[in-house]
Structures are given as C-alpha cells and as structure tokens.
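As structure tokens, the structure follows; a few thoughts come after it.
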Amino acid sequence: QEKVQQSPESLIVPEGAMSSLNCTFSNSASQSIWWYQQHPGKGPEALISIFSNGNKKEGRLTVYLNRASLHVSLHIRDSQPSDSAVYLCAVSMAQGGRALIFGTGTTVSVSP
Amino acid sequence: EAAVTQSPRSKVAVTGGKVTLSCHQTNNHDYMYWYRQDTGHGLRLIHYSYVADSTEKGDIPDGYKASRPSQENFSLILELASLSQTAVYFCASSEFRGNEQYFGPGTRLTVL
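Here the protein sequences line up with chains S and C, keeping their order. So the first sequence is residues 1 to 112, counted in the numbering used here. So the second sequence is residues 113 to 224, counted in the numbering used here.
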C-alpha cells in the first residue's frame with residue numbers, strides 16, 4: 001500500500017525567507033507528484049505538480065523530484081504571510097483505484 | 113464561480129440517524145471523489161466515481177454509501193451515523209484519473 005510521509009509537521013519562517021517542505025513516498029511506480037495548499041476552512045487547491053526527475057519552477061515555487069530516493073521537496077521563495085497554510089503532498093498512482101494518495105501535511109506559518 | 117459546491121456546509125447529526133452530503137460540479141469532469149479529513153490522518157478516500165450510475169470503493173468505505181445519479185452530482189450517505197464519523201468531508205472532481213483534483217469547500221459533520 002502506498003504511503004506518503006511529509007516533514008516537518010510544522011514550520012515557522014520569517015517573511016521573505018525560504019520555506020522548504022519534504023515528502024517521501026513508498027512506490028517508485030507512482031506517476032505525478034502534486035502539492036496542494038489548504039487554508040483554514042477551505043478545500044485544498046493544487047499548486048504545482050512534477051512527473052520527471054529533476055526540478056520544476058513556477059513563480060516563487062520550485063519542486064525537486066528524485067525517484068531513486070523516493071523524495072520530493074517544495075521550496076517557496078520569499079515567503080509571504082498569505083503563504084501561511086497547510087501543504088499537502090499527493091502521489092498519483094499508475095494502477096489501482098486510488099487516483100491520489102495524500103500525506104498528512106505540513107503547516108507553514110509565515111511571521112510578518 | 114465555484115466549480116465544486118457542497119451542501120450543507122455544516123451539519124449536526126444524532127447517532128444512528130441518516131445523513132446525506134451532496135456535491136455538485138460544473139467542471140464537466142468524469143471523476144468525482146469523496147474524502148474525509150481528520151487531524152493526523154490527512155485526506156482519506158471514501159468512494160469515487162468515474163461515470164454516472166456507478167461508484168467505486170476507496171480506502172475507507174465502511175459505513176458509507178455513495179450515489180452518482182448524473183455527471184454533475186455525487187452524494188455521500190451515512191445510513192447509521194456514528195460518533196467516529198465526525199470529520200470534515202470534501203468532494204472533488206477531476207478530468208482524468210490522476211489529474212489535478214478540484215475540491216469543494218467541505219462539510220463539517222458533527223455526530224452527537
């Protein structure tokens with residue numbers, strides 16, 4: 001059964017600093033890796049996804065994927081108070097009924 | 113315009129009672145999902161559907177039924193609500209399996 005683990009559980013960063021989040025998954029047959037952002041009282045929203053080994057950059061976000069080590073990281077440059085949220089890592093499986101397997105999330109708090 | 117809506121947004125139910133949670137999407141997506149979110153467990157898939165009049169079990173289907181009467185509508189039914197089903201429930205839709213999922217705002221269910 002696929003497992004998705006995230007670290008750290010919570011993170012406090014000063015405004016303008018880099019936020020770095022980690023995610024490990026258990027199945028190398030996984031397809032895309034997604035990062036979702038969830039603000040309190042809201043549903044998750046997709047931020048960025050990656051399929052191929054290497055990195056992908058979109059605006060202030062950079063994602064690094066290493067399939068050999070089953071690890072993906074999300075880095076948020078120039079963190080803003082509006083980035084304060086829970087970040088969920090989700091793995092898309094190639095087979096089986098489950099489309100996305102979610103981790104338990106990292107809570108990011110950006111202090112002004 | 114919100115593409116995935118849920119009703120009700122919150123509900124208090126009594127143990128042993130019947131609860132129906134509704135979801136409506138205007139994305140024209142084939143796939144729809146029901147998740148529950150609990151502290152420490154992240155998002156867990158209850159049921160999903162990829163075509164009207166058909167539903168599939170997810171990871172934690174016990175105690176829940178689902179109904180997909182049309183492409184736009186997907187319901188989650190708790191025939192005999194229990195205390196352990198107190199949680200926030202999210203509906204989501206996606207164009208293809210494994211694609212980005214679009215989430216509704218959630219329903220907070222409290223079973224007393």
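No residue lacks a Cβ here, since even glycine has one placed at the ideal position from N, Cα and C.
- For S/Q6, the closest of S/S111, S/S109 and S/C89 by C-alpha to C-alpha distance is S/C89.
- As the crow flies, the alpha-carbon of C/S134 is around 16 Å from that of C/T222.
- Under the three-state reduction of DSSP output, S/L70 falls in the coil class, being neither helix nor strand.
- Shown here, S/Q80 sits in coil according to DSSP, grouped into three states, outside any helix or strand.
- Proximity of C/Y143 to chain S, defined by a Cβ-Cβ separation below 8 Å, is satisfied.
- Neighbours of C/E212 in chain S, taken as residues whose beta carbon is under 8 Å from its own, are W34, A46 and S49 in chain order.
- Straight through space, the alpha carbons of S/Q80 and C/S196 are spaced by roughly 37 Å.
- Under the three-state reduction of DSSP, C/L195 is assigned to helix.
- Within 9 Å of the CB of C/P173, no CB atom of chain S is found; the nearest one sits about 11 Å away.
- Under the DSSP definition of a beta bridge, C/Y160 partners with C/Y145 and C/E168.
- Setting aside the 5 residues that flank it on each side, S/S32 is surrounded in the same chain by S49, F51 and S92, each with a C-beta closer than 6 Å to its C-beta; the list follows chain order.
- The shortest C-alpha to C-alpha distance from S/G59 to any of S/S19, S/N22 and S/R77 is the one to S/R77.
- The beta-carbon of C/F186 is placed no less than 8 Å from the nearest beta-carbon of chain S.
- Here the C-alpha atom of C/H159 lies approximately 11 Å from the C-alpha atom of C/I189.
- The Cβ-Cβ distance between S/L21 and S/T106 falls below 8 Å.
- In the displayed model, C/R220 falls within a strand according to three-state DSSP.
- Per DSSP, reduced to three states, the secondary structure at C/H153 is coil, with no helix or strand assignment.
- If you look at C/S134, you'll find it in the beta strand (DSSP E) that goes V131 to Q137.
- Residue-level contact check: S/F25 does not touch chain C, since none of the beta carbons of chain C fall below 8 Å from its beta carbon.
- What C/S206 touches in chain S, judged by beta-carbon distance under 8 Å, is A99, going in chain order.
- Counting only the Cα atoms, C/R180 lies some 7 Å from C/S187.
- Look at the beta carbons and you see the segment 57-74 of chain S not touching the segment 128-143 of chain C: under three pairs across the two are nearer than 8 Å.
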